[in-house]
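Per this note's numbering, residue 1475 is the first one in the sequence shown, and the count goes up by one each step.
Step one of this worksheet: look at the structure below.
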Amino acid sequence: MGPHAKLKLDHLGKEVLESRLPGILELSRTFAHVDPVKEPIPVIPTCHYMMGGIPTKVTGQALTVNEKGEDVVVPGLFAVGEIACVSVHGANRLGGNSLLDLVVFGRAAGLHLQESIAEQGALRDASESDVEGISGSSEPLEQ
């Protein structure tokens, strides 16, 4: 096992662990091969959920910062779900809010995309030069 912390629960006593934390006992014994009544549980840091990373407008449009330090939309780039950061949660989010976040901002992004596509007119298939232009440069994303 790699680097880990140890969670000691033995001070709670066998009766408390068995009556109030039976799931923890079972998981620890099954997957970590430790008995929390007698020994600490190895805990490996992980990412439980994301709280954004790509700054976005409520419409899902990805934002970047221009040379004046102002937020500007990156044309054609959208982000929704846990990767998007609409900044409504603050430093942490309540457990049930992630579903609300997905429904509200996912719908807002979908409606905005629908409007944007309708304004552009007929769509066309990507040409070879379109594909080469995209794969040959990531400059707009590096700003």
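We put the CB at the ideal spot given by N, CA and C, even for glycine.
task = Could you tell me whether the Cβ atoms of Phe1579 and Val1532 are closer together than 8 Å?
result = yes
request  = Decide yes or no for the touch test of the stretch 1544 to 1558 against the stretch 1496 to 1504: beta carbon pairs closer than 8 Å, at least 3 of them.
outcome  = no
ask   = Looking only at its own chain, which residues have a Cβ that is under 6 Å from the Cβ of Glu1606, when we skip the five neighbours before and after it?
value = none
message = Going by C-alpha to C-alpha distance, which of Gly1569, Glu1492, Pro1529 and Pro1519 sits closest to Lys1512?
response = Glu1492
ask   = Can you tell me whether DSSP reads Ala1582 as helix, strand or coil?
value = helix
Nearest-angstrom Cα separation, counted from Asp1509 out to Arg1503 = 6 Å
ask   = Would the beta-carbon of Val1577 fall within 8 Å of that of Thr1530?
value = no
ask   = Under 8 Å, do His1478 and Val1517 count as touching if we go by C-beta distance?
value = yes
query = Would a C-beta distance cut-off of 8 Å place Gly1527 and Val1554 closer than the cut-off?
reply = no
key: Supposed contact pair Leu1597 and Ile1591 - C-beta distance, whole angstroms, cut 8 Å   = 7 Å
ask   = In its own chain, which residues sit with a C-beta less than 8 Å from the C-beta of Met1475, not counting the 5 before and 5 after it?
value = Pro1516 and Ile1518
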